[in-house]
Structures are given as C-alpha cells and as structure tokens.
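Line order of the protein sequences matches chains G and R.
Here UniProt numbering is used: the first residue of the first sequence is 1, the next is one more, and so on.
Here UniProt numbering is used: the first residue of the second sequence is 1, the next is one more, and so on.
For every residue, glycine included, the Cβ atom is placed at its ideal position computed from N, Cα and C.
These numbers were taken from a predicted model, which means no experiment stands behind them.
Following: one structure in structure tokens, then a few remarks.
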Amino acid sequence: VVRLLKTSPEKPITLAIGDGANDVSMIQEAHVGIGIMGKEGRQAVRNSDYAIARFKFLAKLLLVHGHFYYIRVATLVQYFFYKNVCFITPQFLYQFFCLFSQQTLYDSVYLTLYNICFTSLPILVYSLFEQLVHPDILQSKPGLYRDISKNSLLSFRTFLYWTLLGFSHAFVFFFGSYILMGEDTTLMGNGQMFGNWTFGTLVFTVMVITVTLKLALETQFWTWMNHFVTWGSIAFYFIFSLFYGGIIWPFLHTQDMYFVFVQLLSSGSAWFAIIIIIITCLFPDVVKKVFYRHLCPTSTQKSQSLSAPQAQALSCVESLCCYQHGQSGCSRLACLLEQMMGQCKASVNNCHTSSRSNRSWSDTEILYSNDRSILTLSPIEASRC
Amino acid sequence: MMASSYNAKEEDGPHSGSSTNGGTGAAKNKKPDNTAFKQQRLPAWQPILTAGTVLPAFFVIGLIFIPIGIGLYVTSNNIKEFEIDYTGLELGSPCHDCSKNFTWNSTTPCVCALNFTLEQPFESNVYMYYGLSNFYQNHRRYVKSRDDRQLNGDPTSLMKPSKECEPYRTSAETKEPIAPCGAIANSLFNDTLELYYIEPNGTTTAIHLAKKGIAWWTDKHVKFRNPVDDKENLTELFKGTAKPVNWRKPVYELDPSDPENNGFINEDFIVWMRTAALPTFRKLYRIIHKKPSTTSTLPSGRYILKVTYNYPVHSFSGRKRMILSTISWMGGKNPFLGIAYITVGSICFFLGVVLLIIHHKYDTRSNSADIPN
C-alpha cells in the first residue's frame, strides 16, 4: 500500500508508524518509518528511522521536532551556499582586473580559515537551537505545519532568493571597495598608498561581518550561545587578523600580510566604507522581511505575534520565576533571590492569571515560558508575580 | 528530544514481558536529562522584525548618515588635485622624442619638460604621486615574484633567493644571485620628476621635494632591512650579488647621499614593492611640506615639470602621469563615500516614512488570530 502511495502522481513523502513485527515491511517501505516500543517487542524499533515510546508522542515528534529540524536544516543548507557564494564571487570579479591570472584577492590563510573558523560556529549554534515559534503553540496549532510542507524552505524559489542574495552582496562588497579604493586614491591620512592585500582584506572584512550579521538577522531565538558565537566570531576574526599580521613569520619567504590589517583599520575612510557597505547589504533584506511580514504574513509569523500578550517584558526578572522544577540553574538562583527579597512567589500560576490572552484554543498544558520579549510598539501587559 | 536517541540494542524481541518491566526501569535511566539545555528550553530573546521594531533604527540611520555624508562630501570637495599625463605618445607633446627613442638600457638620460598652470593655490602638505595605467602589478606571477626574507636582511636568502623569483633569481652572465630578486624589484620605476615654479617676475625656483615618509613606517623599519654584518659599507655587504637585470645602478647606489635611504630600505623601492591592487594605480613619490609662513605651499601660477624619462611604457600601451594632491584625514579626493552615505541615509529615511504608514495601517491586522487549527 505504501508503495502504491509513493508512486501516485503527487509523489508524496510517506510516513508509516507501527509497533509490531508485521509493520516492519511497511516501515521500511515508507520514506520515514517510525517504530513504537511496545508490547510487541523491538522488531519495529530496530527497523525504523525514529523510535518513540508512546503513540501520543507522534504529535510532538511531527509538529514540534520535525518542524524545528526542518527549518534548521533547510536554513543551514541555504546559508552555507549563500556564504560561500559571498566568499568566492569577489575573487571571481577580481579576475577581470588582474588579467585572469588567478591572483587571489585574499591571503591564503584567510582562504583556509573562512569556512572553518570565521563562519562555522554561528550556523552550528543556529541549527542546534533555533525555534521560530514556541513548541506549545506548534503542538496546539497543527495548521502551522502547512507552512513548511512540500519542502517549501528548500524550494527553487527560496534557493533563488539565497543565491541571488549572495551574488548581490558579493557585488556590493567588491565594487563598493573598488569604487572607494580602486580608482587610485589614498585612504590614509598621511598620503601613503594601500596595496592589493589591503584591498583584499577590506573586501574580506566586510564579507565576514555581513555574512555573520545576515545569520543574526535570520536567527529568531537568541540564547546566550547564539550571542557568544555570533559576536565572538567577528571578534575572533579581528583578533586573529591582528595577530597574524602583527609578526614577521620566521621561515616564510613571503610576508604579504605584515601590518596590512592594522594599516587598514587605521584609516578613517576604511571604517566608514565598512559601515556603509554592511548597511547597504543588509538593509534591503531587513526591508523585505518587514514588508513581507506586514503585507503577507505566514501563519507561523502570525502565531509569533499572537503569543506576544503572554510574554513578559525583558526587564521583568519574574519571568525567570515561572520556570518549573528542573530548569537551568541560573533561573533557580534568581528565583531564590527573588524569594529572599520577598518579591516573587515561586509559583507558576501567578504568572499566567494576570496576562491578557485572546487565544481561541484551549491549552491545558503548563507553558514553560522562556524569557521572551517581543519588541513591538503594541502594548505588552507585564505581569506581576 | 526523547524520541530520536533510543538505543534498541539492549532489549530483544521475545522477552517482551520481562523487558517491559526491565525496560521501564532501564528507560528511566536512559531518559535525557531534564535540563534546559538538553530539552531546548534555554532562556532566549526572541526578537520579531516588525515595522515597529525597525522604524526607530531606520530613522536613526537616516538622521545620522545624511550629515555624515554631507561632511564627507564637503571634505572631499575641499581636496585639490592636479593630474598631468607625460607619456608622450602624441606627436606634439614634449616627451614624445623620449618615449619613441628611449630604451631601458640607454646610457644618456632623456629629459623632457612640461609646462602646466595651477588655477588654485595648494595649501598645507602637497603630495606628489606618479601614476601608471595598464600596468598589472596584481598579476599572480608578478605578485609572487619576490623574496621577503632576502628583503628582511637574511644573509642566507641574500645569497640564495627564493625560487619564486625565477627568472630574476640569478644573473645570466655572472651566475650571481640577484639582490633584490624578483620581477617586482626588477621593474622598479625609475623616472625622476622635478618641479619648478615660475615666479611672477620670471625667475624659476626649484620646489623642494622631500623623499622621507613616503613608505609605510612598518615597511621601512621592520619588513625591509639591509643585511647586517660587521662591515658598515653597503657595497661590501652586497658583495657577491648582482643588480637586477633592468636596473642601471645596483641596490646599494639607490641613494648614496643618505645611508638611511640606501639599499633595501630605500623608500622609493619600498613603495614600489607594495604591489598595487588594480591596473591603474598611483604611488607616492615625494612630499612637499607646508611652509612655516602663511604662504601657500604651491601658489597658483605656472610650473614646469622636468622628467628624466627612464621608464618605457609604450611596449604594453601604458601611460604615465604625475599627480599633485592635498590630503585630508580621509585620504585623497574621493566623493564616493560622501555620496554613498547621503544616498543610503535618504533611502533609509524615506523607507522609514513608508514603514510608518504601513505600521499604522496594518498594526491591528497583524495580530488577528485567524490561523487554521
């Protein structure tokens, strides 16, 4: 039966779930096979892609975990292509100006470390932690699953968006730097001239920062790790460049990058150029996101803003008190402090009763409210514990 | 996260009865920890990019960028620049004879003089550049062709230059190593430019051109070092090496009058060794320091540029020019930065206004709960 479904005209992705040995062939045939550990033994589990303990967990598996993982993986793939398009296209454009002699724009160390050190951690943390919507909302609103059905995040349209974005950013990086520096003017206050490595470093600097900030724009769930790797990657790039260009490397016959980065950063024009190029790249993207959210919001986006009334303002420490037992240590400590100061009861219910809610579904599960703050201009009713 | 990482190896099929009990007991131990990290309940800031969030940022950017752009544009406009091409390709130009007849190994120098007029006086320090066009200093084989260890004064590399310098590594006749080796050093720009001012009463005064301070400080004092030895004489230090093929004088005679500017640390040489990014480039040649009195550094009037035409460019259709420019804190004359800031600032401001309209219009609509269940 599953094979019949798979060959039907729409070519659907099939999922089969079963718990017994008789379900094994069905599980293997379907694209996604889920086995349930149950009374009938472990046969189904051993042949399945995913195994769950109770049938009711299927809802959460699909609606929450599946949703999250799909968004994370799809964005991961698109972002990887995007950042590498940004990386290589300026090198390609430079060939038009160096007689196609394959002279690299960036130093070879930068070529090696770009994908490994400067841009790898932010996307890694993104793909571990990103959550567009709260899990409880996802579970209670199965309709949100339609937003990502039919492989929409990896569709040709999305791919085209990311790739064209990469190309346009690369053009802005290269030609922005070219128009600023290339037409043989000096950028330094003492009249001295830059060379080709300084030019390449300027392009590389704006590229690393823009690519990281682009991911920061995409991230909608900022844990402390996201902050750490995002800003840390940019800081690491600067520190590494200062270190790499700061010494004469022994045993090497070329010292191309010696002091190049410091000279670049000591030029006021270069700083202004970096700022304007980054803003020129990211600004249309921000505009596009805002316009789309307001003019044709997806259901997921609507449900993001729906949960705003329940959220508490960032400054309200009481949001930490609303955690259940077993949450992070910091929140427990904060709760303890609050209790000692007599400001807050470590009770979950208090945080819900006073918050305004216009939900249309009944939700009996207790919300694990994260430290959510939705920065809109619409009034948020802060609850008092 | 409970579903994905269950290990089914321990329990086998037939022992369903006992394994269920054992399973629940064992399953309790196998459950992932109920911490915020492992259950993905970390506290997080969840910003949403709405018009309301972004509006203040747009207005701020618009209001900041436009004055900055105006400032940059005005600064750039105040910079004065003068450029004169002295390649001498046209029949009537002063340097035409020099460009046609001269080759790089001619013994008698060819001198040509060009007259020009400065409309406006140049204040403060004036920087004199030479510019080349259609000269690809960024060609890969060219950029590679150098030995920084030799230029750093390493005695081993002095006698045994890097293989990257081929074919400018050893002299063909004497088989001695070339110091400095490589194609970049070999193509050193060797025109001499002199500037004379024609006073209103007719006398011609030479303008003093300072040759210090044209190279990066770190280049001159750290990256480029003469080989050190007991001998003080540079001629002795470079014994056993040959001069580059296209040079007239060896490296220790680049500036015999000043030992601080001779050998590898000659500033003209250092400036040339910093390969330019694009085929049309300029390099700092001399600096005309401002006069201590209130007179302008270069008053307006007639000038003569005297060129000792040593550098042939017609073989690759290149062009040579001399540029005089004042400098501000942001460098040379470049209106692009100012224009870019004004443009982006205005667009931001305009879009901020548009977003304000959208925000008011769609504010209530975006919060409605019409999501299918």
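Backbone CA spacing between residue i and residue j [nearest angstrom]
{"i": "R225 (chain R)", "j": "I270 (chain R)", "result": "11 Å"}
{"i": "H204 (chain R)", "j": "Y196 (chain R)", "result": "Correcting the residue type first, residue 204 (chain R) is Thr in the shown sequence and not His. Taking the straight line joining both Cα atoms gives about 6 Å."}
{"i": "L320 (chain G)", "j": "N226 (chain G)", "result": "Because the pLDDT at L320 (chain G) is just 34, under 50, the model does not fix this residue reliably, and the point stays unresolved."}
{"i": "A113 (chain R)", "j": "G92 (chain R)", "result": "13 Å"}
{"i": "A53 (chain G)", "j": "I13 (chain G)", "result": "23 Å"}
{"i": "E10 (chain G)", "j": "W222 (chain G)", "result": "38 Å"}
{"i": "E130 (chain G)", "j": "G41 (chain G)", "result": "35 Å"}
{"i": "C86 (chain G)", "j": "H169 (chain G)", "result": "7 Å"}
{"i": "Q327 (chain G)", "j": "K31 (chain R)", "result": "Only weak support is given to the placement of Q327 (chain G): the predicted model assigns it a pLDDT of 43, under 50, and the value that follows is read from those uncertain coordinates. Going from the Cα of Q327 (chain G) to the Cα of K31 (chain R) covers about 16 Å."}
{"i": "V126 (chain R)", "j": "A185 (chain R)", "result": "27 Å"}
{"i": "T81 (chain R)", "j": "D184 (chain G)", "result": "The residue you asked about is not Thr; residue 81 (chain R) is Glu in the sequence shown. About 12 Å."}
{"i": "S48 (chain G)", "j": "G143 (chain G)", "result": "26 Å"}
{"i": "G176 (chain G)", "j": "L63 (chain G)", "result": "44 Å"}
{"i": "N84 (chain G)", "j": "N261 (chain R)", "result": "45 Å"}
{"i": "A21 (chain G)", "j": "Y70 (chain G)", "result": "29 Å"}
{"i": "L160 (chain G)", "j": "D285 (chain G)", "result": "14 Å"}
{"i": "L55 (chain R)", "j": "L355 (chain R)", "result": "7 Å"}
{"i": "R282 (chain R)", "j": "Y130 (chain R)", "result": "6 Å"}
{"i": "A57 (chain R)", "j": "Q263 (chain G)", "result": "31 Å"}
Within chain G, partners of residue i - CB distance below 8 Å
{"i": "P180 (chain R)", "result": "Neighbours of P180 (chain R) on chain G: none; closest Cβ ~13 Å, over 8 Å."}
{"i": "K333 (chain R)", "result": "T185"}
{"i": "G131 (chain R)", "result": "D184"}
Residues bridged to residue i (per DSSP)
{"i": "R282 (chain R)", "result": "R:G131"}
{"i": "Y50 (chain G)", "result": "G:I34"}
{"i": "residue 394 (chain G)", "result": "This structure cannot settle anything about residue 394 (chain G), because the visible part of chain G is limited to 1 through 385."}
{"i": "L193 (chain R)", "result": "R:V307"}
{"i": "G41 (chain G)", "result": "G:G38"}
{"i": "T204 (chain R)", "result": "R:I198"}
{"i": "A242 (chain R)", "result": "R:I178"}
{"i": "I66 (chain R)", "result": "The partner list for I66 (chain R) (beta bridge, DSSP) is empty, contrary to what the question assumes."}
{"i": "V126 (chain R)", "result": "R:I288 and R:T326"}
Burial state of residue i, where buried means 16 or more other Cβ atoms lie within 10 Å
{"i": "E236 (chain R)", "result": "exposed"}
{"i": "C330 (chain G)", "result": "Unreliable placement is indicated for C330 (chain G), whose pLDDT of 48 sits below 50; the coordinate value is still reported in the next sentence. It is exposed - the Cβ of C330 (chain G) has fewer than 16 other Cβ atoms within 10 Å."}
{"i": "W217 (chain R)", "result": "exposed"}
{"i": "E232 (chain R)", "result": "exposed"}
{"i": "A26 (chain R)", "result": "Only weak support exists for where A26 (chain R) lies, its pLDDT of 44 falling under 50; the value from the coordinates is given anyway. Result: exposed."}
{"i": "E164 (chain R)", "result": "buried"}
{"i": "T117 (chain R)", "result": "exposed"}
{"i": "Q192 (chain G)", "result": "buried"}
{"i": "V172 (chain G)", "result": "buried"}
{"i": "Y50 (chain G)", "result": "buried"}
{"i": "L242 (chain G)", "result": "exposed"}
{"i": "V1 (chain G)", "result": "exposed"}
{"i": "Y292 (chain G)", "result": "exposed"}
{"i": "T192 (chain R)", "result": "exposed"}
{"i": "G18 (chain G)", "result": "buried"}
{"i": "I357 (chain R)", "result": "exposed"}
{"i": "F92 (chain G)", "result": "exposed"}
{"i": "T241 (chain R)", "result": "buried"}
{"i": "T35 (chain R)", "result": "exposed"}
{"i": "W329 (chain R)", "result": "exposed"}
{"i": "W45 (chain R)", "result": "buried"}
{"i": "W197 (chain G)", "result": "buried"}
{"i": "W231 (chain G)", "result": "exposed"}
Contact set between residue i and chain R, taken where Cβ atoms lie within less than 7 Å
{"i": "S101 (chain G)", "result": "H139, R140 and R141"}
{"i": "R293 (chain G)", "result": "L49 and T50"}
{"i": "F199 (chain G)", "result": "A277"}
Within chain G, partners of residue i - CB distance below 7 Å
{"i": "N152 (chain R)", "result": "I248"}
{"i": "I265 (chain R)", "result": "Within chain G, no residue comes near I265 (chain R); the closest Cβ sits about 15 Å away, beyond 7 Å."}
{"i": "Q120 (chain R)", "result": "The premise fails here: Q120 (chain R) is roughly 19 Å from chain G at the closest Cβ pair, so nothing lies under 7 Å."}
Within chain G, partners of residue i - CB distance below 9 Å
{"i": "I327 (chain R)", "result": "T186, M188, G189, N190 and G191"}
{"i": "E164 (chain R)", "result": "H253 and T254"}
{"i": "D148 (chain R)", "result": "I248, L252, H253, T254, Q255, D256 and Y258"}
Chain-ordered neighbours of residue i on chain R, where CB pairs are closer than 9 Å
{"i": "G196 (chain G)", "result": "Strictly speaking, residue 196 (chain G) in this sequence is Asn, with Gly absent from that position. The answer, in chain order, is Q137, N138, V143, R274, T275, A276, A277 and L278."}
Residue-chain proximity (residue i, chain B), Cβ-Cβ < 8 Å
{"i": "Y311 (chain R)", "result": "Among the protein chains in the structure shown, which are G and R, there is no chain B."}
Chain-ordered chain R contacts of residue i [CB-CB under 8 Å]
{"i": "A273 (chain G)", "result": "L337"}
Original post:
In chain order, which alpha helix (DSSP H) runs of at least 4 residues are fully inside the UniProt region "Disordered" (146-165) of chain R?
Top reply: The UniProt region "Disordered" (146-165) of chain R contains these whole alpha helix (DSSP H) runs: 148-151 and 155-159.
Original post:
What residue ranges within the segment 71-95 of chain R form continuous beta strand (DSSP E) runs of no fewer than 3 residues, ordered along the chain?
Top reply: Fully enclosed beta strand (DSSP E) runs of 3 or longer: 81-85.
Subject >> Start-end ranges of the beta strand (DSSP E) lying completely within the segment 83-162 of chain G, minimum 3 residues >> reply: Counting whole runs of 3 or more residues, the segment 83-162 of chain G contains no beta strand (DSSP E) stretch at all.
Original post:
Unbroken beta strand (DSSP E) runs of length 3 or more, entirely within the segment 304-350 of chain R: which are they?
Top reply: Segments of the beta strand (DSSP E) lying fully in the segment 304-350 of chain R: 319-326.
Subject >> Start-end ranges of the alpha helix (DSSP H) lying completely within the segment 172-254 of chain G, minimum 4 residues >> reply: Complete alpha helix (DSSP H) runs here, min 4: 196-218 and 224-244.
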